[in-house]
Amino acid sequence: FATFPGMPKWRKTHLTYRVMNYTLDLPRDAVDSAIEKALSLWEEVTPLTFSRTDEGEADIKILFAVRDHGDFIPFDGPGKVLGHAYPPGPGIYGDAHFDDDEQWTRDTSGTNLFLVAAHELGHSLGLFHSADPRALMYPVYNAHTDPARLRLSQDDVAGIQSLYGSPSVSPDDPAVPPEPVPPGPETPAACDPNLSFDAISTLRGEILFFKDRHFWRKSLRTLEPGFYLISSFWPSLPSGLDAAYEDTSKDIVFVFKGNQFWAVKGTEAQAGYPKSIHTLGFPSTVRKIDAAVFDKEKKKTYFFVGDKYWRFDENSQSMEQGFPRLIVDDFPGVELKVDAVFQEFGFFYFFRGSLQFEFDPDARMVTRTLKNNNWFYC
Amino acid sequence: YPLNGAARKEGSTTDFVQQYLERYYNLAKDTKAFVRRRDGGPVVDKLREMQKFLGLEVTGKLDSDTLDMMHKPRCGVPDVGD
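Protein sequences, first through last, are from chains F and S. Per our numbering, residue 574 is the first one in the first sequence, and the count goes up by one each step. Per our numbering, residue 7 is the first one in the second sequence, and the count goes up by one each step.
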């Protein structure tokens, strides 16, 4: 099985769905029944529950359409493409579309709606295509499958449970994604104009913005960032981090506080940590790191301390000669000291107070100065 | 110039294969499926990727099993991510 890039999934266990319109090929109750049965396949093996709504916004919107239908991915007439669906998220994300140029049927004389809906709704929940021909999430429609006997394959079950856990586990089980933290008076507000960040790192295609005990988790696919307690993902990590970076070549995020650093792979803390920052080659005069960023192209990590920076070669696992150097000499336009930094789209984004500096490492210049929370579309 | 039947058939199959690989296997849009290269080129690589993913014999060639599979009804979500 596979999940979508960035592993998008629903951050709640109760989801709403809405059937936006109906095909003329089937009675309405046959469509409703096919969708309900398809969702119940996934409901049986996860903590997820579904309820139907007939008006307003729903997490999963289901519609029948032909050719161009407003999402830039037109259907192709009878045959070939039967449907498509979007991974979890707001708006169109999570929605499932069915090509109404197919002949939808309850049996297998035409295209069985239940079989296709069960597959598409697997996408709506976050599963990508499986390479296992026995799996429901295999991309090719199998007209020989008996809809009455359809069961999820072991591969489908393993896939969906990798996202949501099994129905029997308690909400405290780490397999179940933590619920987002509701904002309260004591929690930082994403759109506070004076907001500053402790540390920022990418993680498997997402961006994590750390502040005190919390972090915002921003996927480039979604507008709204998730907001979580650090301890809900990584119980062994401290709060109030100084710096963080992702070594994408190792799929590890390193986080720093004081003279120690930790390593996590996904939600798993790595054994052997915390370690002293001096094992990286810093002199004893360095007591803490302000910010760190891994350069994916050069496989080097930049550590920012006060108005200077060090460069660490991840291949040789050693601090490079000739450092520290002054930040202002090699990153002109960036303020003297930085709170946090990460790399995205080939740029370095430096954060200082409520400001952010987009730095082009090839042109060696700041290309834009931004509010630091513009990633949250404030 | 009107094409003869055979050429038209070959052309339409090539276009179909190219579109299929572009849509589901991220074949670059400007790839020329007709261009023969010693190393096989991107179309052959993508055919192999498709054959491997869908559990077919991996030949890198547009054999009848591969073409049949491409004509089967399927989900519109690509098989490989960006």
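C-beta atoms are modelled at their ideal positions from N, C-alpha and C, and glycine is treated no differently.
Min CB distance Leu60(S) to chain F below 9 Å: Under the Cβ distance rule, Leu60(S) counts among the residues neighbouring chain F, one pair being separated by less than 9 Å.
Going by the CB atoms, is the gap between Phe783(F) and Ala817(F) shorter than 9 Å? yes
If you pair each beta-carbon of the stretch 62-73 of chain S with each one of the stretch 639-647 of chain F, do three or more pairs fall below 8 Å? Verdict: no, contact absent.
Taking C-alpha atoms, which residue in Thr940(F), Phe932(F), His587(F) and Leu899(F) lies nearest to Tyr737(F)? His587(F)
Tell me, to the nearest whole angstrom, how far the beta carbon of Ile635(F) is from that of Tyr590(F); I am working on the premise that it is less than 8 Å. 6 Å
Beta strand (DSSP E) segment containing Asp863(F), residue limits: That residue, Asp863(F), is in no beta strand (DSSP E); it is neither H nor E in DSSP.
If you run the structure through DSSP and keep just helix, strand and coil, what is His696(F)? helix
Listed in chain order, which residues of the stretch 71-83 of chain S have Cβ atoms closer than 8 Å to some Cβ of chain F? So the list reads Met75, His77, Lys78, Pro79, Arg80, Cys81, Gly82 and Val83, given in the order they occur along the chain.
At least one CB of chain S closer than 9 Å to the CB of Glu779(F): is that the case? no
Go through its chain and collect everything with a Cβ distance to Ala575(F)'s Cβ below 7 Å, but skip five positions before and after it. Phe701, His702 and Ser703
Do the stretch 654-673 of chain F and the stretch 683-696 of chain F make contact, defined as three or more Cβ pairs closer than 8 Å? yes
Straight-line Cα distance separating Asn946(F) from Ile780(F): 12 Å
Proximal chain F residues relative to Asp69(S), where beta-carbon distance stays under 9 Å: Neighbours of Asp69(S) on chain F: none; closest Cβ ~17 Å, over 9 Å.
Could you tell me which whole alpha helix (DSSP H) segments of length 4 or greater appear in the stretch 758-844 of chain F? 803-806
Out of Asn685(F), Val826(F), Leu725(F) and Leu814(F), which has the shortest C-alpha to C-alpha gap to His717(F)? Asn685(F)
When you compare the stretch 881-901 of chain F with the stretch 829-843 of chain F, are there three or more beta-carbon pairs, one atom per stretch, that lie closer than 8 Å? no
Ordered along the chain, which non-local residues of its own chain (more than five positions away) have a Cβ less than 8 Å from that of Val911(F)? Asp863, Ala864, Phe877, Ile900, Phe923, Phe924 and Arg925
Strand pairing of Leu928(F), partner residues [DSSP]: Arg925(F) and Lys944(F)
Return helix, strand or coil for Met593(F), following the three-state DSSP convention. coil
Which word fits Cys81(S), buried or exposed, when buried means at least 16 other C-beta atoms lie within 10 angstroms of its C-beta? buried
With DSSP as the reference, label Arg584(F) as helix, strand or coil. coil
Below 8 Å, how does it come out for the stretch 802-821 of chain F and the stretch 865-874 of chain F: are there three or more Cβ pairs, yes or no? yes
What does a CB cutoff of less than 7 Å around Ser774(F) pick up in its chain, not counting 5 residues either side in sequence? Leu781, Ala817, Tyr818, Glu819, Val826 and Phe915
Taking its Cβ as the centre, do 16 or more other Cβ atoms sit within 10 Å of Thr596(F), making it buried, or is it exposed? So Thr596(F) counts as buried.
CB-CB under 6 Å to Trp583(F), same chain, minus the five flanking residues each way: which ones, in chain order? Pro661
Identify whether Glu917(F) lies in helix, strand or coil by the three-state DSSP scheme. strand
Rounded separation between Glu630(F) and Glu28(S) - CA only: Looking at the two C-alpha atoms, the distance is approximately 33 Å.
With a cut-off of 9 Å, does the C-beta of Asp824(F) fall near any C-beta of chain C? Of the protein chains in the structure, F and S, none is chain C.
Please state whether the Cβ-Cβ distance between Arg679(F) and Pro720(F) is less than 9 Å. yes
From Lys838(F), Phe896(F) and Asp824(F), residue whose alpha carbon lies closest to that of Val859(F): Taking Val859(F) as reference, the option from Lys838(F), Phe896(F) and Asp824(F) with the minimal CA-CA separation is Phe896(F).
In chain order, what residues of the same chain lie with their CB nearer than 8 Å to the CB of Phe770(F), ignoring the 5 residues before and after it? Phe782, Phe783, Lys784, Asp912, Ala913, Phe924 and Asn945
The alpha helix (DSSP H) spanning Ala954(F) covers which residue range? The structure shown does not extend to residue 954(F), since chain F spans only 574 to 951, so no value can be given for it.
Drop a sphere of 10 angstroms on the beta-carbon of Pro712(F), count the other beta-carbons inside from all chains shown, and report buried for 16 or more, exposed for fewer. Counting Cβ neighbours within 10 Å, Pro712(F) comes out buried, since at least 16 surround it.
Val749(F) at chain S interface by Cβ criterion, 9 Å: Low local confidence applies: a pLDDT of 46 at Val749(F) is under 50, so the model's placement there is unreliable, with the coordinate-based value given in what follows. Answer no: the Cβ-Cβ gap between Val749(F) and chain S never drops below 9 Å.
Taking Ile900(F) as part of the alpha helix (DSSP H), name the residues at either end of that continuous run. Ile900 to Asp903
With a cut-off of 9 Å, does the C-beta of Gly87(S) fall near any C-beta of chain F? yes
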